[in-house]
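Heads up, the thing below is written out as structure tokens.
2 protein chains.
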Amino acid sequence: MDKILRIDVGAEGGPKARVTPVGEYAGLGGRAMTSGMVYNEVPPSCHPLGEDNKLVIAPGLLSGSAAAMSGRISVGCKSPLTGGIKEANAGGQPAQVLARLGYAAIVMEGKPKDDTLYKVFINKDGVKITKANEYKMLGNYDLIDKIKEEYGDKVACISIGQAGEMKMLASSIACTDMEMRPTRHAGRGGVGAVMGSKHIKVIVLDDTGTKMRQPKDPGKFKAANKEWVDGLKKNPTTGQGLPAFGTNVLTNIINEAGGYPAYNFTTGRFKGCEAISGETEVEIEKARGGLATHGCHRGCVIQCSGIYNDKDGNYLTKQPEYETVWAHGGNCGINDLDAIAMLDRLDDDYGLDTIEMGATIGVVMEAGLAEFGDAKAAVELVHEVGKGSPLGRILGSGAAVAGKAFGVERVPVVKGQAMPAYDPRAVQGIGVTYATSTMGADHTAGYAVATNIMKVGGNVDPLSPEGQIVLSRNLQITTAAIDSLGTCLFVAFAIMDQPETFQALLDMCNAFLGTNLTADDVTELGKSILKKEREFNMKAGLTSKQDRLPDYFKKESLEPHNITFQVKDEDLDQVFNW
Amino acid sequence: MDKILRIDVGAEGGPKARVTPVGEYAGLGGRAMTSGMVYNEVPPSCHPLGEDNKLVIAPGLLSGSAAAMSGRISVGCKSPLTGGIKEANAGGQPAQVLARLGYAAIVMEGKPKDDTLYKVFINKDGVKITKANEYKMLGNYDLIDKIKEEYGDKVACISIGQAGEMKMLASSIACTDMEMRPTRHAGRGGVGAVMGSKHIKVIVLDDTGTKMRQPKDPGKFKAANKEWVDGLKKNPTTGQGLPAFGTNVLTNIINEAGGYPAYNFTTGRFKGCEAISGETEVEIEKARGGLATHGCHRGCVIQCSGIYNDKDGNYLTKQPEYETVWAHGGNCGINDLDAIAMLDRLDDDYGLDTIEMGATIGVVMEAGLAEFGDAKAAVELVHEVGKGSPLGRILGSGAAVAGKAFGVERVPVVKGQAMPAYDPRAVQGIGVTYATSTMGADHTAGYAVATNIMKVGGNVDPLSPEGQIVLSRNLQITTAAIDSLGTCLFVAFAIMDQPETFQALLDMCNAFLGTNLTADDVTELGKSILKKEREFNMKAGLTSKQDRLPDYFKKESLEPHNITFQVKDEDLDQVFNW
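Quick note, the sequences are listed as chains H and Z, same order.
Remember, my numbering sits 609 above the position in the first sequence when you count from 1.
Remember, my numbering sits 609 above the position in the second sequence when you count from 1.
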């Protein structure tokens, strides 16, 4: 990872690749790389779809190595959805492959001269950029089928569907998984639109002939990695809960906690939960010959994913995540797992953020475009997005724009980005993260749910404002660091409660990188990332006034706890005051 | 004007009227009243369509008196379009009638309990609020016809069309003119949506049995008013240019100056100008039995308006203003005055801001939804808005949202509001006003065009950044004061170059109000209004970073002068640093 690939999409005669030494960005991975580069190189006032924005794709610091769980990739830019900085990350194979190919980052920059679409092929011999107009307006699944015909099924792809080509604010960037399916998405913030604005349809990565990245101290690395894996295996969440039921194990847990935002955040419990729970999902997967336990990338030991087959036993989609099941399920009053799986498939195919799409459909259901619970209508609405009809253009622009277009007041967004599957009134810590994250509403930016509800890393009452600021702050700092390592965020369950496992992660990093990082260094790394992100946002025109939940969360009580969001504005302003 | 009418639309059993003494708001009119009340009573973080926003309608301080040109009415609220404070003002009859009825303001507050639509009738005996579901989704013209059937043609109306009922961000509030046609609109900022959110379709004002408001010193007032009228008559713009050709006299002037933003702000001159100029418009009006010189309210001596008949000699619309002719004309490459007049009529009927609509159509033409120059397509697009189709919902949300929905980079907005008919690159003073006005892009907030192009009140080179900050600042201050008097802004042409006419206005105010206002007091009034507006905006989350033109005005040169916007960001930040 000693080089950076820069693609100037505005060059005369079509995009030009330029490989440069990693230089000033040496030692950065994942989110530290993407946010660092966006901070340095993108003018905060620029139009997100214009010449001056850059799309940065970076594997984590440990990606491409034998380190377990190191397969996350970060995608950064100025977000067309939030107007601020964005790091969206994804699993799948590209992080490992890109890192093995030696690239610390791919940067797409400039503005295309015409409407030609391109593909980028990268292998050990270099970079080849060719016209790809034959891929125009292909969904991710059809696209990857064509890539397989040409390049075989051992490559890894980073691609956009129709939504990204149409520069929709809810569009994602797809990464292929181990079966070379486009199921792992850098979903949030409209990153697909930025790739679409650069006219790059797909990046094909072929690591044939490359080797795994080697640690500086192989002996120590191997030992630490073993300790690391053991720690993940013995933790009840990463070792048992997630492998057995996937993330959707949360449906019953969050519903029981009264923090499941049903019917567009109208109530905290959903009667249809049983039918769409992780437990039910796993039964269906097993009964239909799918998989209930499966990883999204090489080197994953948690295996939180699965394969969801249709009624005829044919592959439909990967196991939909909890947030997806909520967004297209309870949030829209839908209790039909097959419909939800189909919506997940469609989102992956068109290249859309499942959270944003589910939240948006919830908003337009509130506007009366369809009845809550009408799964057929929801499927049709997502098809509208894929077609790019005017209605699809509204929905593909996300919940905030849809709310404006239909005059809806109850729109669950922060900084223009839709809230995920945890009601901030019943899980006040995640409310602090939603409000203050540099990313807009984002559960992954500081997953206070773990401590509020699962009592991981302590016990902070979810219904009280007490302690939530410190909790969210610490989690946001740690998360920024984890997002830089390329490590799956779920390792947090283990490292928050098992000091020896956190130490193993540190030891593994140090052995791999030849560094002497301490826990304090990790904290400093996280802080430095957040500081840059926040400064970018301020320069882009965001202020502490945007570090707020929509008013109605402070005014409307949520059943069953009859509670509003209690954290005071002045306390929210202390999150970054460390 | 010693009382305020407050209508609580959320009261049990339907809206309740409450008449209170003017109290702390005594001595305020127009914009000083609306912005003062919004500043005091509306939480800046509230949702513009929610319970906590208020719609304030206030006649000017001199409205309802014999003072010439005193018929402007101000409409204020938190804007759903800009997210900041809004004062939109309009001519027509309501200011005079409302003031004669003794109301310093009407305030609509609260949140409706159900979807019943209401009408409000106000006469000397009081206020009557009744259900009006029979008016649902009527256009302003049909609505006013029904009002005439019931109340005769001597009343004045304030109403919304379909767009306001649908809570569209580009919706306006219509005021009837002297012929009781709904042609005078508080157009900007989506004020119609706020009235729509309060479920008030129309306010009918009947001043039968009331008297003109009387001055404190009748003798002095009469003398000053005569001097005032003489001053307006002898000024070449207010005495000759505007009466003869209306505001559309500007088409040739601005085009000649190279500041006419054609084809969605792509070039500064439009080849089709001759066909849509004020000179041509007047010829058509005269030839078809319309009127080329006409006032919008009682007491107007400038008479800048007219009546535009169709080819068969039947009334089509009032004389479209310069900004409307530009928005639906040159900005969309359209050179057909009949089509533009039809678009003006449709906007008035559906209740839409003509500037926002024209700018939006320009943006979607750039996105490829229709060809530039296709007048038929433009008419169809506005009909989509009236129908509330998904496409209409996008367009009715204004240029910023349409740009997001269709992934367009070149969207000419500031703070979400579309720029009017003067390119800020060729008229840099108006660029400063667009950028820094508390209202979003708004030519009326500080009409630097007068000095930059017409050399009124001095001579500041339109192509140089020099002097534009001071120019815009002074104009913004003076304008805020004029908007509070209820005086038509066009009086500025006379008072900027004729000290004796400015003095006559002051004398008239003092004689009417029994005050001793000096020119400095007027400046202080303007400053105090701007200060409150700006503070509201800051609390609502706007910052100096939103006091900027879109990036492309700084990067793309405009023909024929080959110039970009030259005023520096740090200078823009000095506008309110007085």
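All C-beta atoms in this analysis are idealised placements derived from N, C-alpha and C, irrespective of residue type, glycine included.
Remember, predicted model here, so these are calculated numbers, not experimental data.
Query                                                                                                                                                                                           : Result
If contact means a Cβ-Cβ distance below 8 Å, which residues of the segment 757-784 of chain Z contact chain H?                                                                                  : Met775, Lys776, Met777 and Leu778
Which chain B residues sit within Cβ distance under 7 Å of Gly1150 of chain H?                                                                                                                  : As a matter of chain content, chain B is missing from the structure shown, whose protein chains are H and Z.
Which residues in the same chain have their Cβ closer than 7 Å to the Cβ of Ala1090 of chain H, if we skip the five residues on either side of it in sequence?                                  : Val1131, Leu1134 and Gly1135
Kindly list the residues whose CB is nearer than 8 Å to the CB of Leu1004 of chain Z, restricted to its own chain and excluding five residues on each side of it in sequence; keep chain order. : Ala779, Met966, Thr969, Ile970, Val973, Leu990, Val991, Glu993, Val994 and Ala1011
How long is the line joining the alpha carbons of Val618 of chain Z and Pro845 of chain Z, rounded to whole angstroms?                                                                          : 47 Å
Report, in whole angstroms, the separation of the C-beta atoms of Gly639 of chain Z and Ala667 of chain Z, which I expect to be a contact under 8 Å.                                            : 6 Å
Taking the alpha carbon of Met646 of chain Z as the reference point, which residue from Z:Ser672, Z:Thr902, Z:Ala714 and Z:Glu621 has its own alpha carbon closest?                             : Z:Ala714
Throw me the rounded Cβ distance for the Cys1097 of chain H and Met678 of chain H pair, which I believe falls under 8 Å.                                                                        : 5 Å
Compare the C-beta of Pro929 of chain H against all C-beta atoms of chain Z and say whether one is closer than 7 Å.                                                                             : no
To the nearest angstrom, how far is the alpha carbon of Asp808 of chain H from that of Thr725 of chain H?                                                                                       : Checking the displayed sequence, the identity of residue 808 of chain H turns out to be His instead of Asp. The alpha-carbon atoms of His808 of chain H and Thr725 of chain H are separated by roughly 7 Å.
Let me check understanding here. Comparing Cα to Cα, which of H:Asn864, H:Cys909, H:Ile943 and H:Thr902 lies closest to Gly982 of chain H?                                                      : H:Ile943
Checking contacts by CB at 7 Å: is Cys913 of chain Z closer than that to chain H?                                                                                                               : no
Where do the ends of the beta strand (DSSP E) carrying Arg615 of chain H lie?                                                                                                                   : Lys612 to Asp617
Leaving out the 5 sequence neighbours to the left and right, which residues in its chain are closer than 7 Å to Phe1102 of chain H when beta-carbon positions are compared?                     : Asn844, Thr846, Thr847, Ala1059 and Val1065
Residues of chain Z with CB under 7 Å from Glu1018 of chain H, in chain order?                                                                                                                  : His656, Leu658 and Gly659
Would you mind sorting Pro630 of chain H into buried or exposed? The rule is 16 or more other CB atoms within 10 Å of its CB.                                                                   : exposed
Quick test of the definition: if touching needs 3 or more C-beta pairs under 8 Å, does the segment 1163-1175 of chain Z touch the segment 862-876 of chain Z?                                   : yes
Can you find at least 3 beta carbon pairs, one from the segment 1069-1082 of chain H and one from the segment 803-823 of chain H, that sit closer than 8 Å?                                     : no
Do Val811 of chain H and Lys728 of chain H have their C-beta atoms closer together than 7 Å?                                                                                                    : yes
According to DSSP, which residues form a beta bridge with Gly735 of chain Z?                                                                                                                    : Z:Asn732
Does the beta-carbon of Glu774 of chain Z have 16 or more other beta-carbons within 10 angstroms, so that it is buried, or is it exposed?                                                       : buried
For Ile970 of chain H and chain Z, any beta-carbon pair shorter than 7 Å?                                                                                                                       : no
Counting only beta-carbon atoms, is Ser1006 of chain Z nearer than 7 Å to chain H?                                                                                                              : yes
For Val1010 of chain Z and chain H, any beta-carbon pair shorter than 7 Å?                                                                                                                      : yes
Evaluate Thr860 of chain H with the Cβ neighbour count: other Cβ atoms within 10 Å of its Cβ, from every protein chain shown; 16 or more gives buried, anything less gives exposed.             : buried
Which runs of the beta strand (DSSP E) at least 3 residues long sit entirely within the segment 721-809 of chain Z? Give them in chain order.                                                   : 727-732, 735-740, 765-768, 782-784 and 793-795
Quick check on the DSSP output: what are the complete alpha helix (DSSP H) runs of length 4 or more inside the segment 1134-1167 of chain H, in order along the chain?                          : 1161-1164
So, for Asp611 of chain H: in the same chain, excluding its five sequence neighbours on each side, which residues have a beta-carbon less than 8 Å away from its beta-carbon?                   : Pro630, Val631, Ala635, Gly711 and Ala713
Please list the partners that Ile809 of chain H has in chain Z, where partner means a Cβ-to-Cβ separation under 7 Å.                                                                            : Simply none; closest approach about 15 Å.
By the 10 Å Cβ neighbour count, where 16 or more other Cβ atoms means buried, how is Gln1155 of chain Z classified, buried or exposed?                                                          : buried
Using a Cβ-Cβ distance cut-off of 7 Å, determine whether Ile694 of chain H contacts chain Z.                                                                                                    : no
Quick one, which residues of the segment 842-876 of chain Z are near chain H if we go by CB-CB under 8 Å, in chain order?                                                                       : none
For Ala986 of chain H, write down the residues that DSSP places opposite it in a beta bridge.                                                                                                   : According to DSSP, which records beta bridges pairwise, Ala986 of chain H is partnered with nothing at all.
Using the beta-carbon count (16 or more within 10 Å), is Gly898 of chain Z buried or exposed?                                                                                                   : exposed
Output needed for Ser886 of chain Z: all residues of its chain with C-beta closer than 6 Å, excluding positions within five of it in sequence on either side, in chain order.                   : Thr860 and Asn861
Going by other Cβ atoms of all chains shown within 10 Å of its Cβ, with 16 needed for buried, is Thr856 of chain H buried or exposed?                                                           : buried
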